[in-house]
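Each remark here refers to the structure printed beneath this line.
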Amino acid sequence: MWRHARRLALAVALGLAAQAATAQIRIGQTVGVTGAVAATVKESMLGAQLYLDAVNAKGGVAGEKIEVITLDDAFDVRKAEANARVLIEERGVVALFMSRGTPHTEAINTVLEQHRVPMVGPSTGAIVLHQPVKPYIFHVRATYQREARHAMAHLLSVGITRVAVVHVDDSFGADGLEGARQGLQQGRLEPVAVAKFDRAKPDFAPLLPTLKAAAPQAVLVIGSGTAVVEGIRSLKAAGIGGQHLTLSNNASEGFVKLLGADAKGVVVSQVMPSSLNFGLVREATQLAKARGLDDVSPAMLEGFAAAKVLVEGLRRAAPRITRASLHQALDTLGRYDLGGLALEYTPARHSGLEYADLSIVAANGKFRR
1 MWRHARRLAL AVALGLAAQA ATAQIRIGQT VGVTGAVAAT VKESMLGAQL
51 YLDAVNAKGG VAGEKIEVIT LDDAFDVRKA EANARVLIEE RGVVALFMSR
101 GTPHTEAINT VLEQHRVPMV GPSTGAIVLH QPVKPYIFHV RATYQREARH
151 AMAHLLSVGI TRVAVVHVDD SFGADGLEGA RQGLQQGRLE PVAVAKFDRA
201 KPDFAPLLPT LKAAAPQAVL VIGSGTAVVE GIRSLKAAGI GGQHLTLSNN
251 ASEGFVKLLG ADAKGVVVSQ VMPSSLNFGL VREATQLAKA RGLDDVSPAM
301 LEGFAAAKVL VEGLRRAAPR ITRASLHQAL DTLGRYDLGG LALEYTPARH
351 SGLEYADLSI VAANGKFRR
């Protein structure tokens, strides 16, 4: 009888140990694995996985490994919202992570608020997602308006006063345009031309005559992935603008490769540093080298930083990690230093970092600050 009880206890213990070993913290993601933003998505998630793999290798959080369940929305707004519902209602995730696209994240936010599920690190800097504060969205990167203002300030500082803006016809494009206007207003200027293109079916040919007549010295192209590639190629082929710029949502090596020979000289704003003087950059670089990767792209670093914030929230929500406990942990996170860059969350503030910089694509296809 005693031996039977002992064997039973041992079997239960072994069963619990096995269950603990396979226990996972499920994090959901809906993002364009295919479609216009696929190249940048691949890099940002590679950066996130670098950090998550390192955490899992050390036992995870509270003894549980972190698993990211990714569904492809092909950069389609309706599919992004539908995927969010599947992840939350059927897959039981405790949080969503790194969505991409402003209208996409706006649609997803409806689901977040309905089910009270937090999202960490959406890869969008739209001010509409910052003000007023969205209670279940926790930003990591800076806003698009901050980026655009910084880019315009740079152009003004080098004597460029004739700037055109070409933007996608959605909330993201409108947001970037507003930032550019704010930046130019510091020099009491307005864009010499503004043109819009359709997100689903971008066609730049009809825009070229008006843009050429405006004779801009520089053109800011606000959009995502392959659409911006097509736009910059069209502008260069038509001889419109001596300088071409875009925002940090295109700060990936994949984007540069898509542009090919037309990438040289394109200015891309950045929301992450590149210097090894930052602990965040050193940490990501060391983990990348351990995986046989030669370089950490800006997109990879954005994913890496978002993963750090997610894990910090999970650690503070432990030992019983639920949607509610994670939300509470993030909402009261306070100041958190990622490694030379700090953000602060309070119930009244979910904006992330304020870092914004500019880079130019060099002849070797690398971003040069």
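290 is the number that UniProt numbering gives to position 290 of the sequence shown; each next residue is one higher, with no gaps.
Glycine is no exception: its CB is placed at the ideal position from the N, C-alpha and C atoms.
C-alpha distance - Ala193 paired with Val165, whole-angstrom precision | Mapped onto the sequence shown, residue 193 falls at position 193. Mapped onto the sequence shown, residue 165 falls at position 165. Each residue's alpha carbon lies about 6 Å from the other.
Can you give the Cα-Cα distance for Arg91 and Ala284, rounded to whole angstroms?
-> Position 91 of the sequence shown holds residue 91. Position 284 of the sequence shown holds residue 284. Approximately 30 Å, taken between the alpha carbons.
Mind checking which residues open and close the beta strand (DSSP E) that includes Ser351?
-> Within the sequence shown, the letter at position 351 stands for residue 351. Taken as a continuous stretch (DSSP letters only), Ser351 belongs to no beta strand (DSSP E), as it is neither H nor E.
Would the beta-carbon of Ala39 fall within 8 Å of that of Ser224?
-> Position 39 of the sequence shown holds residue 39. Position 224 of the sequence shown holds residue 224. Against a cut-off of 8 Å, the Cβ pair of Ser224 and Ala39 comes out as no contact.
Fully enclosed by the segment 161-187, which alpha helix (DSSP H) runs are 4 residues long or longer?
-> Listed in chain order, the complete alpha helix (DSSP H) runs (minimum 4 residues) inside the segment 161-187 are 171-185.
For Tyr144, does the three-state DSSP call read helix, strand or coil?
-> Walking along the sequence shown from the start, residue 144 turns up at place 144. Shown here, Tyr144 sits in a helix according to DSSP, grouped into three states.
Cα-Cα, which of Gln24, Val61, Thr70 and Glu64 is closest to Leu46?
-> Working through the sequence shown from its first residue, we reach residue 46 at position 46. Answer by Cα proximity: Thr70.
Assigned exposure category for Val140 - 16 Cβ within 10 Å defines buried = Taking the sequence shown and counting its residues from 1, one reaches residue 140 at position 140. Its Cβ being crowded by 16 or more others within 10 Å, Val140 is buried.
Is there contact between the segment 74-83 and the segment 55-66, where contact requires at least three CB pairs shorter than 8 Å?
-> no
Could you tell me the distance, in whole angstroms, from the CA atom of Leu96 to the CA atom of Gly239?
-> Start at 1 with the first residue of the sequence shown, and residue 96 comes out as number 96. Start at 1 with the first residue of the sequence shown, and residue 239 comes out as number 239. Looking at the two C-alpha atoms, the distance is approximately 43 Å.
Counting pairs of beta carbons, one from the segment 129-149 and one from the segment 193-203, are three or more of them closer than 8 Å?
-> no
In three-state DSSP terms, what is His139?
-> Counting from 1 along the sequence shown, the entry for residue 139 is found at position 139. Look at His139 here: in three-state DSSP terms it is coil, with no helix or strand label.
Classify Val93 as buried or exposed, calling it buried when 16 or more other Cβ atoms lie within 10 Å of its own Cβ.
-> Taking the sequence shown and counting its residues from 1, one reaches residue 93 at position 93. Label assigned to Val93: buried.
Same chain, Cβ closer than 6 Å to His327, five either side skipped, listed in chain order | Along the sequence shown, one-based indexing puts residue 327 at 327. For His327, where only same-chain residues beyond five positions count, the Cβ hits under 6 Å are Pro118.
Would you list the one or two residues that DSSP bridges to Glu106?
-> Here residue 106 is taken as the residue at index 106 of the sequence shown, counted from 1. Glu106 is not bridged to any residue.
Assuming Pro103 contacts Arg162 (C-beta within less than 8 Å), just tell me the rounded distance between them.
-> Sequence index remark: in the sequence shown, residue 103 carries index 103 (1-based). Sequence index remark: in the sequence shown, residue 162 carries index 162 (1-based). That belief does not hold up - the Cβ atoms of Pro103 and Arg162 are roughly 30 Å apart, past 8 Å.
Secondary structure, beta strand (DSSP E): runs of 3+ residues fully inside the segment 198-240 = If we require 3 residues or more, the beta strand (DSSP E) runs fully inside the segment 198-240 come out as 218-222.
May I have a chain-ordered list of the alpha helix (DSSP H) segments no shorter than 4 residues that lie completely inside the segment 248-329?
-> 253-259, 279-290 and 298-317
Within 10 angstroms of the Cβ of Pro319, are there 16 or more other Cβ atoms? Answer buried if so, exposed if not.
-> Translated into the one-based positions of the sequence shown, residue 319 becomes position 319. With fewer than 16 Cβ atoms within 10 Å of its Cβ, Pro319 is classed as exposed.
DSSP bridge partner residues for Met119 (one or two, in chain order) | For the purposes of this step, residue 119 is taken as the residue at position 119 of the sequence shown. Leu96 and Ile137, per the DSSP bridge assignment.
Starting from Arg335, trace the beta strand (DSSP E) both ways and give me its first and last residue.
-> For this step, residue 335 is matched to residue 335 along the sequence shown. Per DSSP, Arg335 belongs to the beta strand (DSSP E) from Gly334 to Asp337.
When the Cα of Thr34 is compared with those of Gly254, Ser171 and Val361, which residue comes out closest?
-> Taking the sequence shown and counting its residues from 1, the one referred to as residue 34 is at position 34. Gly254 is the residue among Gly254, Ser171 and Val361 whose C-alpha sits nearest the C-alpha of Thr34.
Roughly how many angstroms lie between the CA atoms of Arg26 and Arg291, to the nearest whole one?
-> On the sequence shown, residue 26 is found 26 positions in, with the first residue counted as 1. On the sequence shown, residue 291 is found 291 positions in, with the first residue counted as 1. Looking at the two C-alpha atoms, the distance is approximately 24 Å.
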